[in-house]
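Chemist: Take this structure, written in structure tokens, and hold onto it; I'll ask about it next.
Numbering (my numbering), first residue to last: 400 to 822.
Structure below.
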């Protein structure tokens with residue numbers, strides 16, 4: 400399970416009394432923030448205003464943070480950046496430029512590391528233990544996937560494209576909208592795989608069936624697709640039937656480790672993040688066993704900068720604590736090393752579409768925030784809404800600053816024929 404949030408009491412936006420702990424935390428955090436140099440941060444708390452840093456080309460305007468309750472300082476001091484996210488969920492502070500705030504701190508990495516160090520190190524072992532207990536064993540994977548994806552299909556329908564693609568789209572022009580970009584991504588994936596009518600495609604991570612339906616409908620191939628999200632399985636099965644494609648698509652409710660058979664192509668879109676570092680070699684070995692000697696596989700993965708991969712493995716950030724239990728982000732090198740050790744597949748083509756994902760997240764957030772009344776009508780509380788707002792901005796900022804990436808990695812077995820890189 401994700402961490403439990405204790406919401407701020409009604410009316411907590413009004414100034415509360417400063418406790419001794421809050422005053423100490425404020426003093427500590429202000430000293431850390433004095434080191435900001437790139438970008439201008441302005442903090443307002445009651446009638447007090449602090450300003451740090453200098454404007455830069457990417458962030459020319461002040462990023463304004465308003466502290467609504469002094470307890471926000473204690474959450475930040477003892478929880479680091481994840482604690483800041485927790486305080487935001489509780490309504491202890493707000494910022495209308497959340498994505499810019501994330502970008503500002505990534506451009507001041509030494510300050511971010513200091514905030515995530517210090518006294519917050521005292522509670523880090525507890526968070527690491529909780530994350531370890533959520534590791535992606537077969538049983539743990541089902542719990543973790545269901546904790547994020549089985550929160551209601553109607554929620555995802557409010558902000559995703561009609562294909563319900565919960566992964567980076569591909570924008571071919573500055574004017575391309577989300578719905579068009581989602582289809583462009585699907586087609587780009589199929590063309591990279593050189594899908595043919597006679598192929599049998601295995602998809603690991605069904606989502607709501609968008610890619611399976613696109614591949615079967617437009618390329619005529621057979622598709623076996625698997626998920627361990629019950630709500631995704633049920634809706635994907637319904638959508639396949641509604642599209643009249645049950646003769647070509649088999650939707651399964653199986654863990655990837657339970658699959659058998661032999662396939663011409665394998666695709667896995669942003670599923671490896673649910674595999675876990677300790678199971679990456681297991682994952683690649685299984686994919687290699689399932690792929691024919693002349694087969695190819697495409698993975699789309701959210702990645703972390705190679706320079707921070709080891710650090711990221713040790714940290715339990717906001718996403719791991721509150722959004723994706725058991726989640727992790729691989730790096731390109733970590734994936735390359737794992738597939739080299741565990742399989743006979745090799746990288747045939749690699750493309751980073753991270754900036755496309757930043758734009759995808761911006762479009763999702765715009766749709767999500769425009770439909771808040773419908774989100775609330777579905778029964779989701781304000782704390783949930785703030786958690787999603789922070790999650791979407793946090794992710795967009797990481798991708799915009801290229802701290803995170805999104806790669807499409809095409810892998811080939813030894814007997815695979817050369818690919819046409821024009822796609």
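Even glycine gets a Cβ: it sits at the ideal position worked out from N, Cα and C.
1. Just to confirm my understanding: we take residue 763, look at its own chain, exclude 5 residues before and 5 after, and list those with CB closer than 8 Å. What are they?
2. Confirm, please, whether the CB-CB distance from residue 687 to residue 742 is below 8 Å.
3. Give the straight-line distance between the Cα atoms of residue 827 and residue 740, rounded to the nearest whole angstrom.
4. In whole angstroms, what separates the C-alpha of residue 729 from that of residue 487?
5. Just checking my contact of residue 800 with residue 505 at CB under 8 Å: how many whole Å lie between their CB atoms?
6. Residue 465 to residue 613, Cα distance in whole Å?
7. According to DSSP, is residue 608 part of a helix, a strand, or is it coil?
8. With distances taken between CB atoms, is the gap from residue 396 to residue 479 smaller than 8 Å?
9. Determine contact between the segment 628 to 642 and the segment 706 to 713, defined as no fewer than three beta-carbon pairs at a distance below 8 Å.
10. Give me whichever residues DSSP pairs with residue 793 in a beta bridge.
11. Am I right that residue 825 and residue 717 are in contact with their C-beta atoms under 8 Å? What's the rounded C-beta distance?
12. Under three-state DSSP, which class holds residue 662?
13. Give me whichever residues DSSP pairs with residue 807 in a beta bridge.
14. Rounded to whole angstroms, what's the CA-CA distance from residue 622 to residue 593? Just pull it up for me.
15. Write down every uninterrupted run of the alpha helix (DSSP H) in the segment 559 to 602 whose length is 4 residues or greater and which is fully enclosed by it, in chain order.
16. Could you give the DSSP three-state label for residue 480: helix, strand or coil?
17. My output table needs one value for residue 450: the three-state DSSP class, helix, strand or coil.
18. Check for me: the alpha helix (DSSP H) holding residue 499 runs from which residue to which?
19. Are the beta-carbon atoms of residue 598 and residue 664 separated by less than 8 Å?
20. Any heavy atom of the ligand COA inside 7 Å of the beta-carbon of residue 784?
21. Report, in whole angstroms, the separation of the C-beta atoms of residue 591 and residue 693, which I expect to be a contact under 8 Å.
22. Considering only their Cβ atoms, is the gap separating residue 510 from residue 432 smaller than 8 Å?
23. Beta carbon of residue 492, beta carbon of residue 513: below 8 Å?
24. Which residue's Cα is closest to the Cα of residue 749: 805, 681, 469 and 690?
Modeler: Taking the definition as stated:
1. 558, 559, 577 and 791
2. yes
3. Because the chain in this structure spans residues 400 to 822, residue 827 falls outside the shown range and cannot be described.
4. 27 Å
5. 4 Å
6. 46 Å
7. coil
8. With the chain covering only 400 through 822, there is no way to say anything about residue 396.
9. no
10. Answer is none; residue 793 lacks a bridge partner.
11. Nothing can be reported for residue 825: it is not among the residues displayed for the chain, which extend from 400 to 822.
12. strand
13. 699 and 750
14. 14 Å
15. 577 to 591
16. helix
17. strand
18. 497 to 505
19. yes
20. Among the components of this structure there are no ligands whatsoever, and the ligand COA is therefore not found.
21. Rounded, the Cβ-Cβ distance is 16 Å, inconsistent with contact.
22. yes
23. no
24. 805
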